[in-house]
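Residue numbers (the working numbering): 1 to 183.
All C-beta atoms in this analysis are idealised placements derived from N, C-alpha and C, irrespective of residue type, glycine included.
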Amino acid sequence: MQTANHENLRASLAPKDQIQVAAIFEDKLTAKKTIQQLANSTDVSTDQVAFIDASDTAMSEKLEQESKSIGKNLWHSHLMLGGVGLLVGMLAAFLLVSFGPELTKQNPLFTYIALISPGIFTGLFVAGLVGLRPDRSEIVQAVRHAIRRNHVAVVINLKKSQSASDISSFLHSRSKNVVEAIR
């Protein structure tokens, strides 16, 4: 069994009930058999398992269960960090207009414009970087790629008492592609 190459640092640091594990299978029969074996040999219940195939129209909902909260968090982070960028730009402009070189003292309007704009841009850029979830992208892309190739994906949403590495090891022995991510 391979255990080292599927480890995800973020997933190992996150609360266990926030981890999602996906495995890709060649066909439905193998996937369903693996789900049954997983339910029998571990404490994973069938309500934690999402089965996704090419005919599934609810793939997005199964992968991203809380899309409204994700959008809300993105909105709030952009507002907050954009506002912080505005304040930092204004503070820097104030300091330059008050104590800086003569050019900035003689042109306070242009100094404020020149420093507020990059401040807001930098704040929004940082909010975008915070909103990017490369670990989420990996699991979503793996499932989408599998669906395009008429393979089947099994997505497991873990509970606090369950070990991501144990479930990943179990799935790794039956699937070539196992991905972990934080929900």
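Indicate the three-state DSSP secondary structure (helix, strand or coil) for residue i in the structure shown.
| i | result |
| --- | --- |
| residue 58 | coil |
| residue 44 | coil |
| residue 77 | helix |
| residue 175 | coil |
| residue 2 | Confidence in residue 2 is poor, its pLDDT being 40 and thus under 50, which makes the residue's placement unreliable; the coordinate value appears in the next sentence. Three-state result, residue 2: coil. |
| residue 83 | helix |
| residue 30 | helix |
Under the rule that 16 or more other beta-carbon atoms within 10 Å means buried, what is residue i, buried or exposed?
| i | result |
| --- | --- |
| residue 113 | exposed |
| residue 180 | buried |
| residue 59 | buried |
| residue 148 | exposed |
| residue 109 | exposed |
| residue 20 | buried |
| residue 170 | buried |
| residue 121 | exposed |
| residue 204 | Residue 204 cannot be examined here, being either before or after the span of the chain that is shown, 1 to 183. |
| residue 158 | buried |
| residue 1 | Here residue 1 scores only 38 on pLDDT, less than 50, and its place in the model is too uncertain to base an answer on. |
| residue 168 | buried |
| residue 127 | buried |
| residue 25 | buried |
| residue 89 | buried |
| residue 54 | exposed |
Tell me residue i's beta-bridge partners as DSSP assigns them.
| i | result |
| --- | --- |
| residue 180 | 21 |
| residue 154 | 23, 51 |
Indicate whether at least one CB of chain B lies closer than 8 Å to the CB of residue i.
| i | result |
| --- | --- |
| residue 126 | Among the chains in the structure shown there is no chain B, since it carries only a single protein chain. |
field: Minimum length 4: unbroken alpha helix (DSSP H) runs contained in the region 87–171
entry: 102–106, 108–131, 134–148
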